[in-house]
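Taken in order, the sequence shown gives residues -18 to -1, 1 to 254; the numbers are from mature numbering (1 follows the signal peptide of the UniProt record, and there is no 0).
We treat Cβ as the ideally placed atom computed from N, Cα and C, and that holds for glycine.
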Amino acid sequence: MKTLLAIVALTVAGCAHVPDPAQPAQPAKVPEILPGFLQGYLSKEALPNSLALIPPPPAPGSGAFAFDEEIMRKSLALHGTPRWTQATLDADLRFPHAADTFSCVLGVSVTQARTPYLYQLLRRTMTDAGLATYSAKDHYQRTRPFVANQAPICTPQEQAFLAKDGSYPSGHTAIGWAWAMVLIEIAPARTDAIAARGRAFGENRNICNVHWRSDVLEGRFVAAATVARLQSEPAFRSDLAAAKKELAAAQASGAKPTRDCRAEAAALAQPL
């Protein structure tokens, strides 16, 4: 099984939602493909082929690689800052922690109890977006920046796994950008804030010293292809509609995020 999934498997050590009479109160149960990872909406054959979608990674000595190196140097300067702390939080894809990644921009916490459809939607699209990166990852096997610069990363417990896992494109970025695109469909009035949070989520992989800039940029592209493909899946569209109703009800209830949104905003204001 792919390393992106194995990493999270290794680290795994509100008010009630008012149901819609036309919709079951809970989504149908979906099997796990690894501890903590639900089966996605897309079959293996339906996943976008990232190897066909994106160009080869920048070659050493090229202008594009020089830009990668410039962003790496800027990222290393943020080690130990609040932005580094936030990047460490964003690196954790375990649920329920990861469900609240966008809670500050949504204005409400996403929980299995309050918003079960949205909670499961995030878990399943995480699998789809993450796995969609692997045809390119496995082919190129790009070395990660921390291997080159020998500087610390946000999650040292994952270092041995990451060193063997291809850097290009970024799976975490694909997941974060896919989440942002899905959430924009659910909460279109918050488009700008959601998109900005999704962008920062990917950039935090640079700050963690585990991805090059081009890894992050192409991770977004793979995410866009994945979410576009998801639109053709009836199960995804049904869950998306239910999640939209859940979120509206949660926001109307006056519930607030449990994260420190002021601290998050200040951290993400530190530019890369």
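For residue i, collect the residues of the same chain with a Cβ closer than 6 angstroms to its Cβ; drop the 5 residues on either side in sequence, then sort them by chain order.
i	result
L(-9)	The pLDDT assigned to L(-9) is 39, lower than 50, so where the model puts this residue is not dependable; a value taken from the coordinates is nonetheless given after this. Closer than 6 angstroms at the Cβ level, and outside the excluded window around L(-9), lies no residue.
F183	D72, G158
V12	L20, Q21
A133	L58, N191
Please state if the CB of residue j and the CB of residue i are separated by a distance shorter than 7 angstroms.
i	j	result
A207	L35	yes
T97	S32	no
A160	A205	yes
A118	P151	yes
Tell me, to the nearest whole angstrom, how far the beta carbon of residue i is from that of residue j; I am working on the premise that it is less than 8 angstroms.
i	j	result
M54	P127	5 angstroms
A249	P64	4 angstroms
L229	V192	Between V192 and L229 the Cβ distance is about 31 angstroms, and since that is not below 8 angstroms, they are no contact.
D50	R195	5 angstroms
Spatial neighbours of residue i within its chain, please: CB distance less than 7 angstroms, with the 5 preceding and 5 following residues excluded, ordered by chain position.
i	result
Q233	G89, V90
V87	R172, A175, I176, R179
Taking residue i as part of the alpha helix (DSSP H), name the residues at either end of that continuous run.
i	result
L144	141 to 146
L113	98 to 114
L60	No alpha helix (DSSP H) holds L60; DSSP gives it neither H nor E.
L16	Unbroken run through L16 is the beta strand (DSSP E), 14 to 16; no alpha helix (DSSP H).
N186	173 to 189
A162	153 to 168
How far does the beta strand (DSSP E) with residue i in it reach, from first residue to last?
i	result
E27	It is not in any beta strand (DSSP E) - E27 carries neither H nor E in the DSSP assignment.
Helix, strand or coil for residue i? Go by DSSP, reduced to three states.
i	result
P3	Low confidence applies here, because P3 scores a pLDDT of 46, under 50, leaving its location unreliable and the question unanswered by this model.
I36	coil
E215	coil
Less than 8 angstroms between C-beta atoms, sequence neighbours within five positions excluded: which residues of the same chain meet that for residue i?
i	result
E185	V198, L254
A156	A111, G112, A114, T115, G201, R202, V204, A205, T208
E167	L222, K226
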